[in-house]
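Remarks on the structure that follows.
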Amino acid sequence: MIHAVATSHANAGAEPRAGDSVVVVEGLSRRFGDKTALHEVDLVLERGVVLGLVGKNGAGKTTLIQHLLGLLRAQRGCVRVFGLDPAAEPAAVLGRIGYLAEDRGLPGWMTVGELMRYTAAFYPRWDADYATRLCDDFQLDPRQKIRTLSRGQHARAALVAALAHRPELLLLDEPSSGLDPVVRRDVLEAILHTVAEEGRTVLFSSHLLDEVERMSDHLALIDGGRILLAGGLEEIRERHWRITVRAGGALEVVVKRLAAPGASAGRVLAAREALGEQTLICEGDCDAIAAELRQAGCECLAHSPASLDEIFFARTGNDGGT
Amino acid sequence: MSRSWSPARALAWESLRLSWRPVVTTTLAWCALAAIYRRLLAPLGERRDAEVFSSLLAMMVIVNATILLSCRDDGVGIGFERRLFRLPLSTSLLVLGRLVPALLYVTAMQAAVALFMRAALGAPWPLLGPGLLALAVASWTLALSWVCGQRPLLIAPLGVVLLFALLTWLRPVLRADLLWSRLTAHDATALVLATAMAALVAMWGVASSRRAGAAAPSRPRLARLAVEEAVGPGRNSAIAAAPTTAPPLRSAMRAQLWMEWRQKGRWFPFGILLWLAVAVGASALPVPETGALLRQALHDLLPFAVLLLPPAAGFLHASFHLRGQVTGIDSFRATRPLGDRELAHAILLSAARTWAAGLAATLASITALALGLWRFGNAARVEELARGIADAVAGIGAGRVALATGLGVAAAWAALGMVVAITLCGRNWLSLLAYVVPITAVSVIFIADVADVDLLDRAGPALIGPFGVVLTLGAAAAWVLAVRGRLLPLRAAMLAALSWVAGTVLLVRLMPTLFAALLVAGGSLPGWALLTAPGLAAAVVMPPALAPLALRWNRHR
Numbered sequence: 001m002i003h004a005v006a007t008s009h010a011n012a013g014a015e016p017r018a019g020d021s022v023v024v025v026e027g028l029s030r031r032f033g034d035k036t037a038l039h040e041v042d043l044v045l046e047r048g049v050v051l052g053l054v055g056k057n058g059a060g061k062t063t064l065i066q067h068l069l070g071l072l073r074a075q076r077g078c079v080r081v082f083g084l085d086p087a088a089e090p091a092a093v094l095g096r097i098g099y100l101a102e103d104r105g106l107p108g109w110m111t112v113g114e115l116m117r118y119t120a121a122f123y124p125r126w127d128a129d130y131a132t133r134l135c136d137d138f139q140l141d142p143r144q145k146i147r148t149l150s151r152g153q154h155a156r157a158a159l160v161a162a163l164a165h166r167p168e169l170l171l172l173d174e175p176s177s178g179l180d181p182v183v184r185r186d187v188l189e190a191i192l193h194t195v196a197e198e199g200r201t202v203l204f205s206s207h208l209l210d211e212v213e214r215m216s217d218h219l220a221l222i223d224g225g226r227i228l229l230a231g232g233l234e235e236i237r238e239r240h241w242r243i244t245v246r247a248g249g250a251l252e253v254v255v256k257r258l259a260a261p262g263a264s265a266g267r268v269l270a271a272r273e274a275l276g277e278q279t280l281i282c283e284g285d286c287d288a289i290a291a292e293l294r295q296a297g298c299e300c301l302a303h304s305p306a307s308l309d310e311i312f313f314a315r316t317g318n319d320g321g322t
Numbered sequence: 323m324s325r326s327w328s329p330a331r332a333l334a335w336e337s338l339r340l341s342w343r344p345v346v347t348t349t350l351a352w353c354a355l356a357a358i359y360r361r362l363l364a365p366l367g368e369r370r371d372a373e374v375f376s377s378l379l380a381m382m383v384i385v386n387a388t389i390l391l392s393c394r395d396d397g398v399g400i401g402f403e404r405r406l407f408r409l410p411l412s413t414s415l416l417v418l419g420r421l422v423p424a425l426l427y428v429t430a431m432q433a434a435v436a437l438f439m440r441a442a443l444g445a446p447w448p449l450l451g452p453g454l455l456a457l458a459v460a461s462w463t464l465a466l467s468w469v470c471g472q473r474p475l476l477i478a479p480l481g482v483v484l485l486f487a488l489l490t491w492l493r494p495v496l497r498a499d500l501l502w503s504r505l506t507a508h509d510a511t512a513l514v515l516a517t518a519m520a521a522l523v524a525m526w527g528v529a530s531s532r533r534a535g536a537a538a539p540s541r542p543r544l545a546r547l548a549v550e551e552a553v554g555p556g557r558n559s560a561i562a563a564a565p566t567t568a569p570p571l572r573s574a575m576r577a578q579l580w581m582e583w584r585q586k587g588r589w590f591p592f593g594i595l596l597w598l599a600v601a602v603g604a605s606a607l608p609v610p611e612t613g614a615l616l617r618q619a620l621h622d623l624l625p626f627a628v629l630l631l632p633p634a635a636g637f638l639h640a641s642f643h644l645r646g647q648v649t650g651i652d653s654f655r656a657t658r659p660l661g662d663r664e665l666a667h668a669i670l671l672s673a674a675r676t677w678a679a680g681l682a683a684t685l686a687s688i689t690a691l692a693l694g695l696w697r698f699g700n701a702a703r704v705e706e707l708a709r710g711i712a713d714a715v716a717g718i719g720a721g722r723v724a725l726a727t728g729l730g731v732a733a734a735w736a737a738l739g740m741v742v743a744i745t746l747c748g749r750n751w752l753s754l755l756a757y758v759v760p761i762t763a764v765s766v767i768f769i770a771d772v773a774d775v776d777l778l779d780r781a782g783p784a785l786i787g788p789f790g791v792v793l794t795l796g797a798a799a800a801w802v803l804a805v806r807g808r809l810l811p812l813r814a815a816m817l818a819a820l821s822w823v824a825g826t827v828l829l830v831r832l833m834p835t836l837f838a839a840l841l842v843a844g845g846s847l848p849g850w851a852l853l854t855a856p857g858l859a860a861a862v863v864m865p866p867a868l869a870p871l872a873l874r875w876n877r878h879r
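For the protein sequence lines, the chains are A and B, in the order given. Counting in my numbering, the first sequence runs without a single skipped number right up to 322 at its last residue. Counting in my numbering, the second sequence runs without a single skipped number right up to 879 at its last residue.
Structure (structure tokens):
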């Protein structure tokens, strides 16, 4: 089965495996001065997986991607991409990766045509017909200088350069950052098309949850340099619930008990009160949590699967987390 | 910075903060340069002090003005910083907030240099004339760069027009008094008015840019529009008609060399030509006789070009962020699927090619200058010079000249390679240390010379030996690390070791002969100077190993 595993050491549910893994990160830590950018990160990305790396600005998404590209050397832990250390063997690793940087970073003095000609020289598997087709679809004029392109066209040109050598692994750092809805759709569709047709492995970072929901089959939630949650999207959805209870009584005491780590049946991640009702975002067995609430004299009004937004806010502590 | 500062005060503070480092560095550099001239060149009796100092002064005024262009946070140099348009200040205050601190620095620099020249070198260096000239040139340079922000290509023609106007006005003044010690009230008024005029022009230009708002997309060329109209409006027509004649780049290394040359290298010869034009113009200022210009250009500019070109080419290629304060490698280059060795060697080779192109441009321009003067009325002077060169070559011996040329090329390669490697590290503190320490050392030597303390004779044996040993050990360490880090094969290291041995033997044999033939006629090289031979040979073989190590340190942080 194709799957991704991404856990922090604290709640490691599975050991990283190296079988058909494209990316294996073990115990990766990184500090910039006093600031911890990554802390004991484990991540396994297997072939064909589309993993959405979600987190706030400064959560550590770009730092993690830079380690995978070999731009940062692991201070602690290890990073392997295609079984190789990207910092020690950049050519072997980067030759199999298509990378789209958040700031794109293309040289403005090149024309689009020159960018394609230059990039093609690095990749034996460069597909000139595919590049031309993508340029055509994206309305990119080969004679136009990169610096004169609009932000959307700039992103499209960068995407063509990243996709046309048919990379085994696509690393996309905030691919739709700052783009209008039309360009965003184009970019995402091109990526989805690549994934659907060729079964590429993709790791993309984003803080747009709808984008992650649409594109990825696996998700890793990163915050403060730690991976808080990782797994298949469906599996994550099935594990998280929204329970609405009437406020009052012993609710506060029960919620505190259920929010404590190690609670048996399930765990309350966040609670928010409005109009005399309290909405709890819970992880685990929904029925068991509801039973415990009822046992404490609370009235459960409704329960349903939590949305990705709610899970994100609850996990990152931005939802009045308990 | 206090929060209660007004925008105008904050702007002035920022301007002062951005300007101090380059301006102070330039001041120190000019003092050292003046000392070199005074102690080494003036005693040769080629020219009078007045001419030497006037030439220096003119160069200082120009360099002083151009260095101000980089005193901004983005380092772009052309156009007024757009982010400042958001400040709640009138355009005149914005302009003055940038212009006045810059001119204050210019004044302080002129005063510092004048004080040094008078007190330390005993030179009759004037203050008022050069100071006012520096203010006028600096203010016009800044004004032009701000006015032409939207149309950078206008700077060159406007700058040339202004330079010629300045030269035309200055020549009669300087004929009367080379050092401007008797500046008339009329001349001083003219310079002050020129400075004020520059401020007004700057305000007008910045106001225009501010009114224009955000940068509009570049206008398509008329010819292109006409072609597209003829072909048809379809979006694919442009793509279909796009020229695809450029042959594919056959390898990653070739692609990287192409990129380095296209992005940086090809501009270098043009920059050299521009610099030479300015320098020759500045040199021409104090020379009353036009015919003396060529001799002066050959005497002063060629050695400087030869000495400065390799480090300049190396720095240009190894600096990835010319437009910013960040020195680390850019993400685009860093993510090319190219090994550290290949990427570093591509940069090194491109820098060497750029240096060669710059040198060719220098030689071509000097030859063109010589031919031009020979054709248009100064044939005797040129012929005399040509005879002098031929006699000198015959006297030294063609073989020795060829050897000296070869050694010069090797030395240029070593200098270029060291600068590339240091800059490729991408660490500000290291770059600062690497450039400041040698400059300081040279300055100390010459200042000691000025003070009649023969530092080289006293400390030479103690310093030169360890210097040679450090260079040799450094090269050995670089090669060992590169081989152990699988950046270079063992056979390359063996070849480097053999080259080092051969180079050392060659240098030990040649140094005394060349010293006597080229530097001090009939003199003998001190024995301790031979200790530098292993170090110099090591410096030549070091770059191929040091550059990949430096890049690896920068690329994988």
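All C-beta atoms, glycine included, are put in the ideal place defined by N, C-alpha and C.
Residue i burial status per 10 Å Cβ neighbour count (16 or more: buried)
i, result
"GLU582(B)", "buried"
"PRO542(B)", "The predicted model places PRO542(B) with a pLDDT of 39, which falls under 50 and marks its position as unreliable; any figure quoted below should be read in that light. Flag for PRO542(B) reads exposed."
"ALA629(B)", "Here residue 629(B) is Leu; the residue named in the question, Ala, does not match the sequence. LEU629(B) should be labelled exposed."
"LYS586(B)", "buried"
"GLU310(A)", "buried"
"CYS135(A)", "buried"
"CYS286(A)", "buried"
"MET439(B)", "buried"
"GLN66(A)", "buried"
"VAL417(B)", "buried"
"TRP597(B)", "buried"
"LEU644(B)", "Per-residue confidence for LEU644(B) stands at a pLDDT of 47, beneath the threshold of 50, marking its modelled position as unreliable; the derived number appears in the next sentence. LEU644(B) is exposed by the Cβ-count criterion."
Beta-carbon separation (whole angstroms), residue i vs residue j, contact threshold 8 Å
i, j, result
"ALA855(B)", "THR835(B)", "Actually they do not touch by this definition, with Cβ atoms about 13 Å apart."
"ALA520(B)", "TRP462(B)", "5 Å"
"GLU380(A)", "ARG96(A)", "Within the shown structure, residues of chain A are numbered from 1 to 322, placing residue 380(A) beyond reach of any answer."
"CYS282(A)", "GLY266(A)", "5 Å"
"GLU299(A)", "ARG246(A)", "4 Å"
"ALA456(B)", "VAL385(B)", "Rounded, the Cβ-Cβ distance is 10 Å, inconsistent with contact."
"LEU106(A)", "LEU115(A)", "6 Å"
"ALA91(A)", "GLY661(B)", "4 Å"
Closer than 8 Å at the beta carbon, the chain B residues around residue i
i, result
"PHE122(A)", "ALA574, ALA577, ARG658, PRO659, LEU660"
"PRO107(A)", "MET581, GLN585, PHE654"
Contacts of residue i in chain B (Cβ-Cβ under 7 Å)
i, result
"ARG117(A)", "ALA568, PRO570, LEU571"
"GLY70(A)", "HIS878"
Proximal chain B residues relative to residue i, where beta-carbon distance stays under 9 Å
i, result
"ARG73(A)", "HIS878, ARG879"
"PRO175(A)", "Chain B residues near PRO175(A): none, gap ~15 Å exceeds 9 Å."
Candidates the options: closest to residue i by CA position
i, options, result
"ALA692(B)", "LEU681(B), GLU705(B), ALA682(B), GLY680(B)", "GLU705(B)"
"ARG30(A)", "LEU149(A), ASP42(A), SER21(A)", "ASP42(A)"
"THR279(B)", "ARG722(B), PRO632(B), ALA737(B)", "Because chain B here runs from 323 to 879, residue 279(B) falls outside it and cannot be looked at."
"ALA196(A)", "PHE204(A), TYR99(A), GLU211(A), MET215(A)", "MET215(A)"
"SER414(B)", "SER337(B), LEU484(B), GLY527(B), LEU466(B)", "GLY527(B)"
"LEU172(A)", "GLY152(A), VAL183(A), PHE313(A), TYR99(A)", "TYR99(A)"
"LEU480(B)", "LEU492(B), THR490(B), SER467(B)", "SER467(B)"
"ALA763(B)", "LEU785(B), ALA720(B), LEU729(B)", "LEU785(B)"
"LEU208(A)", "SER176(A), GLY225(A), ARG239(A)", "SER176(A)"
"ILE146(A)", "ARG239(A), VAL93(A), VAL160(A)", "VAL160(A)"
"LEU665(B)", "ALA599(B), MET575(B), LEU754(B)", "MET575(B)"
"VAL523(B)", "ALA860(B), HIS508(B), PRO452(B), ALA458(B)", "ALA458(B)"
"PRO811(B)", "LEU571(B), LEU485(B), ARG339(B), ARG663(B)", "ARG663(B)"
Listed by chain order, chain A residues near residue i by CB distance under 7 Å
i, result
"PHE407(B)", "Near PHE407(B) there are no residues of chain A at all, since even the closest Cβ is about 21 Å away, more than 7 Å."
Where residue i meets chain A, residues with beta-carbon distance less than 9 Å
i, result
"ASP509(B)", "Going along chain A, no residue has its Cβ under 9 Å from ASP509(B), so there is no contact; the nearest lies around 44 Å."
- Message: Pairs of beta-carbons, one from the segment 188 to 206 of chain A and one from the segment 227 to 246 of chain A, closer than 8 Å: are there three or more?
- Response: Fewer than three Cβ pairs drawn from the segment 188 to 206 of chain A and the segment 227 to 246 of chain A lie within less than 8 Å of each other, which leaves the two stretches out of contact.
- Item | the segment 107 to 124 of chain A in contact with the segment 178 to 195 of chain A per 3-pair CB rule at 8 Å | No, the segment 107 to 124 of chain A does not touch the segment 178 to 195 of chain A.
- Item | Sufficient close CB pairs (3 or more, under 8 Å) joining the segment 121 to 133 of chain A to the segment 667 to 675 of chain B | Between the segment 121 to 133 of chain A and the segment 667 to 675 of chain B there are fewer than three C-beta pairs closer than 8 Å, too few to call the two in contact.
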